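For the sequence shown, numbering that gives the first Met the number 0 begins at 0 and goes up steadily by one. Okay, structure first, notes after.
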Amino acid sequence: MIQDKIPLEHYILLADKTTILERLDNRVNEDNIWAKRHLDVCLKAFESHIPGQRLNTDSLKPEDVAKEILMLSEFAEK
């Protein structure tokens, strides 16, 4: 994509550990054991090792997250 000059934006959707655990518990028909076991490692990686625009989603509904990303995106009309 980079070679073809296709814009690529990376957004990191952050939430505190408690919020993530609640969201995992609210998923229907999914086994979240792997996610729960690796949560601390993943949270640490997103703090510093993974580049991108960070967006805290603790108090946001999915549609609000989408709207925020659209506003931050270079694809939004400015």
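C-beta: ideal position from N, C-alpha, C; glycine also. A quick note: this is a predicted structure, and the numbers were derived from the prediction, not measured.
Pick helix, strand or coil for ARG26, following the three-state DSSP scheme. Correct three-state label for ARG26: coil.
Using the Cα positions of GLU73 and GLU8, report the straight-line distance between them to the nearest angstrom. Each residue's Cα considered, the two are about 8 Å apart.
Cα separation between ARG53 and ILE19? Those two C-alpha atoms are separated by around 16 Å.
CB-CB under 8 Å to GLU67, same chain, minus the five flanking residues each way: which ones, in chain order? Excluding five sequence positions before and after GLU67, the CB atoms of its chain that fall closer than 8 Å to its own CB belong to LEU54 and LEU59, given in chain order.
Under 8 Å between the Cβ atoms of ALA34 and LEU23? Yes; because the gap between Cβ atoms is below 8 Å, this pair is in contact.
Can you give the Cα-Cα distance for ILE32 and ARG26, rounded to whole angstroms? Just so you know, the alpha carbons of ILE32 and ARG26 end up roughly 12 Å apart.
Sequence-distant residues of the same chain with beta carbon closer than 7 Å to LYS16, five excluded per side: Excluding positions up to five away in sequence, the list reads LEU38 and LEU42.
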